Structures are given as structure tokens and as C-alpha cells.
Amino acid sequence: MKYRKVGRTDVEISAIAMGCWSIVGDQTWGPQDEQDAIAAIESSIDAGVTLFDTAPAYGNGYSEELVGRVLRPHRNEVVIATKLSGGEMRRENAIKACEASLRRLGTDCIDIYQIHWPDHDVPFEETASALQTLLDQGKIRVAGVSNFGPRDLADFLGILRPEVNQVAYSLLFRAPEFEALPICVENGVSVLCYSPLAEAMLTGKFKTADDVPAGRARTRLFSKDREQSRHSEEGAEKEAFEAVDRIRKIASRLGMPMAHLALAWLLHRDGVGAVLAGARNAKQARENAAAAEVELPDDVVGELADVTDEVKQKLGPNMDIWQTESRAR
Numbered sequence: 228m229k230y231r232k233v234g235r236t237d238v239e240i241s242a243i244a245m246g247c248w249s250i251v252g253d254q255t256w257g258p259q260d261e262q263d264a265i266a267a268i269e270s271s272i273d274a275g276v277t278l279f280d281t282a283p284a285y286g287n288g289y290s291e292e293l294v295g296r297v298l299r300p301h302r303n304e305v306v307i308a309t310k311l312s313g314g315e316m317r318r319e320n321a322i323k324a325c326e327a328s329l330r331r332l333g334t335d336c337i338d339i340y341q342i343h344w345p346d347h348d349v350p351f352e353e354t355a356s357a358l359q360t361l362l363d364q365g366k367i368r369v370a371g372v373s374n375f376g377p378r379d380l381a382d383f384l385g386i387l388r389p390e391v392n393q394v395a396y397s398l399l400f401r402a403p404e405f406e407a408l409p410i411c412v413e414n415g416v417s418v419l420c421y422s423p424l425a426e427a428m429l430t431g432k433f434k435t436a437d438d439v440p441a442g443r444a445r446t447r448l449f450s451k452d453r454e455q456s457r458h459s460e461e462g463a464e465k466e467a468f469e470a471v472d473r474i475r476k477i478a479s480r481l482g483m484p485m486a487h488l489a490l491a492w493l494l495h496r497d498g499v500g501a502v503l504a505g506a507r508n509a510k511q512a513r514e515n516a517a518a519a520e521v522e523l524p525d526d527v528v529g530e531l532a533d534v535t536d537e538v539k540q541k542l543g544p545n546m547d548i549w550q551t552e553s554r555a556r
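Just so you know, we're using my numbering here: the sequence shown kicks off at 228 and counts up by one.
Right, dumping it as C-alpha cells:
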């Protein structure tokens with residue numbers, strides 16, 4: 228495993244992290260056996276993963292509770308990241324929400340505390356004030372944001388420095404590259420990449436758009452006519468699966484799994500601090516962690532960017548992977 232510093236802090240995290248949404252089992256991911264989820268967390272630790280990212284929204288607190296329970300014996304060796312949910316951005320609410328997460332996690336300090344989505348009904352100054360209080364009280368070590376687009380990120384940087392910006396970023400969703408990623412690079416803000424395998428599309432699991440379950444086919448990559456869609460766009464299904472086929476051929480040429488190639492590509496991008504890969508069992512956890520050791524030649528990194536550029540251009544700079552009216556402005 229390889230390790231990197233968070234933003235401009237001394238907090239160190241693993242390059243491959245475990246995203247802990249999929250372990251709750253819901254309409255997006257389907258049923259989940261708790262013992263498999265526990266095995267995924269424990270296998271991640273064994274493989275050198277130190278960053279575990281969760282949120283109150285994942286299973287209505289269940290993900291935080293499970294992560295906290297399994298990580299308790301390893302607390303001094305791991306970095307726990309969680310989030311401040313929408314509707315909790317007022318100062319008093321934010322402090323109470325953090326304290327509730329601390330209880331669910333069974334810890335006295337959250338290592339990385341992120342605003343889950345920007346709330347444009349509450350002044351950033353008020354939420355930042357709550358985060359500063361939590362920092363001063365030692366209840367959080369690092370303040371960060373998630374799903375912040377270029378305008379919101381620039382505004383927040385002028386109030387309270389976020390050390391991370393967690394965004395959807397993969398070979399098939401490259402919206403951060405238009406504006407937000409350069410701002411992060413310029414200001415030393417670590418980018419944490421979620422959905423790095425595009426809901427398993429970049430594992431090679433699905434051959435066509437119709438193979439993708441409804442819960443995973445609701446992003447802007449897919450047509451607005453999909454069952455659970457919340458956007459109004461035509462999507463990029465044709466372009467995305469043509470790109471997936473080309474990525475599959477590159478992976479075959481290099482003799483490596485597609486997933487390793489996709490995760491390693493992100494780790495070769497400027498500004499990326501860690502890739503948050505979901506794992507629902509021990510085997511997936513081990514496979515994700517192994518991607519940290521993959522070194523890609525510059526020409527392969529460029530080739531992968533070229534084969535996915537059409538998808539990038541079609542989806543454009545909107546960093547909200549779910550909706551046309553972006554909450555990540």
C-alpha cells in the first residue's frame with residue numbers, strides 16, 4: 228500500500244481507501260450480508276488500507292455504526308471520515324450532528340469531517356463556524372467538503388480551509404477536471420474520488436447498458452428514461468460502453484484487471500489524495516487494495532484519457548453525477 232498526506236496536514240491516508248456506502252445494502256447495491264461487510268473491512272485493514280469513509284446517510288446511520296464497531300480494536304491505526312448531512316448546516320444542528328456521528332462511530336474524534344453536499348440556503352460562514360468550533364474542541368481533526376464545485380469551493384476557501392474535497396471522479400465521469408480539480412491542485416486540497424469504478428461499469432461486469440441494475444443506472448451516464456433517473460438528459464450510454472470496451476482491451480494488453488487499471492489511472496492524476504473503492508466482501512477488498520501498487524506509463528495514462536474524452540465532453544462540467552440541476556455548483 229502507498230500513503231499520502233491529507234491536504235496540508237500531517238494526517239496520512241492510504242492511496243486506496245474503503246468507501247462504506249455499498250456495505251449497507253439498499254436499492255442501489257442490493258442485499259448485503261453483514262458478515263461479508265465485516266470481512267471486507269477487516270481484509271482492507273490487512274491489506275494496508277487506513278482510510279474508511281462513511282456517512283450518516285448510508286443506511287440511516289447503520290454504516291457508521293458498523294464501521295465504528297469493526298474498527299474499534301484498530302482505532303489508533305486508521306483514519307475515519309464521515310460527513311455532515313444536508314439539513315444540518317445551521318451551527319447548532321451541525322454540532323449536534325457531529326456528536327451523533329461520534330456516538331454511532333464509538334469514538335471521541337472524527338479524523339476527517341466533510342460537508343456532504345453544499346447547502347445554498349445556509350451561509351457558508353455559519354457552517355464553517357461550527358466546523359471551527361469542532362476543530363477547537365478536538366472533536367474533529369480535519370475539516371473538508373464533498374461535492375463542491377468550483378464556485379462553492381472558491382467561496383469556502385475564503386472562509387475556512389477544507390483539506391479535502393470528495394467528488395465523483397472516474398474514467399467515465401471526469402467533470403472535476405474542467406474547473407474544480409485545478410482549484411484543488413492550486414490550493415493543496417486533496418481530492419478523494421468516490422464512484423471510481425462507475426458503479427462497477429469499470430470492472431467489466433456489464434457488457435451493455437441494459438445489463439446494469441436500475442439502482443446503478445440512475446446517474447447522468449444513463450438515459451433520463453431509466454427507472455430511477457433524477458435528471459433530464461439523454462445520457463451517454465453508447466459512448467460510455469464503447470469506452471468500456473476500449474478500456475477492457477487496454478487492460479487485456481497490459482495483463483491486468485480492468486478495475487486495477489481504472490483505480491490506478493486516478494492515482495496518477497494530479498491532486499488525487501485517495502480513491503474510495505467500495506467493497507462488499509473480502510475478495511473485493513483485497514483486489515481494490517492491490518491497485519495501489521500498479522504503476523502506469525505516461526502513454527497509457529494519456530491513452531485512457533483519450534478513449535474516455537468523448538464521454539467527458541458529452542457530460543460536461545456538471546459535477547453532480549445524479550442531477551441536471553447541479554447541487555455542486
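All residues carry an ideal CB built from backbone N, CA and C; glycine is no exception. Keep in mind the model is a prediction, meaning the values are calculated, not measured.
query	result
Member of Asp363, Cys420, Gly333 and Tyr289 whose CA lies at the smallest distance from the CA of Ser373	Cys420
Backbone CA spacing between Ser450 and Tyr285 [nearest angstrom]	25 Å
Counted within 10 angstroms of its Cβ, other Cβ atoms place Pro258 as buried (16 or more) or exposed	exposed
His458 versus Lys539 - alpha carbon distance	17 Å
Buried/exposed call for Ser456, threshold 16 Cβ in 10 Å	buried
Contact under 8 Å by Cβ, Ile318 with Ala357	According to the sequence as given, residue 318 is Arg; it is not Ile. A contact, by the Cβ cut-off of 8 Å.
Inter-residue CB distance, Leu311 and Val305 (contact presumed, cutoff 8 Å)	20 Å between Cβ atoms; not a contact.
C-beta atoms of Thr277 and Ile240 nearer than 8 Å	yes
C-alpha distance - Leu531 paired with Asp363, whole-angstrom precision	44 Å
Same chain, Cβ closer than 7 Å to Val416, five either side skipped, listed in chain order	Gly234, Pro389, Glu390, Val391 and Asn392
Presumed contact (8 Å Cβ cut-off) between Glu404 and Pro377, rounded CB distance	That pair is no contact at about 11 Å.
Residues that DSSP places opposite Gln393 in a beta bridge	Ser373 and Leu419
Residue nearest to Ile268 in terms of C-alpha spacing, selected from Gln511, Glu552, Glu520 and Asp533	Gln511
Backbone secondary structure at Ser459 - three-state DSSP	coil
Segments assigned beta strand (DSSP E), at least 3 residues, entirely inside the region 273–304	278–280
Through-space distance from Lys229 to Asp526, alpha-carbon basis	22 Å
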